[in-house]
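> Just dropping this structure here.
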Amino acid sequence: MFTRRSFMQGSAALLGALSAAGAAVATPAAAPITIDSAETPFFGPGPRRLRLAGSQLDRFLQLRALLADPAALRLELHLDAAAEVLLDTALNAQGRAVLHRTRRGAIERLTIQSS
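Quick note on numbering: the sequence shown equals residues -26 to -1, 1 to 89 in mature numbering (1 follows the signal peptide of the UniProt record, and there is no 0).
Right, here's the structure in full:
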């Protein structure tokens, strides 16, 4: 017997698999967003750059607004420890997960899954 519950579970599993496959295909095409802070300036001006400035609350809101975009994101970061905590908190607040994280020297690269 086919119940509404089995239909919902099957649909959710199928859509989740399709979403993950689509995110894996779409992620490499996106240009990275560079993020640094006023205390640790590293990246030059560019169209996809965010420089965190202001109070800690302002910085948190800047990161949260960036992560509100439901698309998969690639980030290149040059942050101090306090800004890294703010980034992790903003990721949790937006319900976003990190798919891939690498560190090469002072630069950390994140790939964030689509939501």
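Cβ atoms here follow ideal geometry from the backbone N, Cα and C, with glycine treated the same way. All of these numbers come straight from a predicted model, not from anything done at the bench.
Return helix, strand or coil for Arg38, following the three-state DSSP convention.
Helix at Arg38.
> Evaluate Thr76 with the Cβ neighbour count: other Cβ atoms within 10 Å of its Cβ, from every protein chain shown; 16 or more gives buried, anything less gives exposed.
Exposed, by the Cβ-count rule.
> Report buried or exposed for Ser29, applying the criterion of at least 16 other Cβ atoms within 10 angstroms of its Cβ.
Exposed, because fewer than 16 other Cβ atoms sit within 10 Å of the Cβ of Ser29.
> So, under 8 Å CB-CB, Ile86 and Ala46 are touching, yes? Tell me the CB distance rounded to an integer number of Å.
Yes, Ile86 and Ala46 are in contact; Cβ-Cβ is about 6 Å, under 8 Å.
> Could you please give the first and the last residue of the uninterrupted alpha helix (DSSP H) stretch that includes Asp62?
Start and end: Ala55 to Gln68.
> Going by Cα to Cα distance, which pick from Ser11, Ala27 and Glu50 is closest to His74?
The candidate whose alpha carbon is nearest that of His74 is Glu50.
> Is the CB-CB distance between Asp54 and Thr14 below 7 Å?
The answer is yes: Cβ separation under 7 Å.
> If we count the other Cβ atoms within 10 Å of its Cβ and call it buried at 16 or more, is Ala64 buried or exposed?
Under this definition Ala64 is a buried residue.
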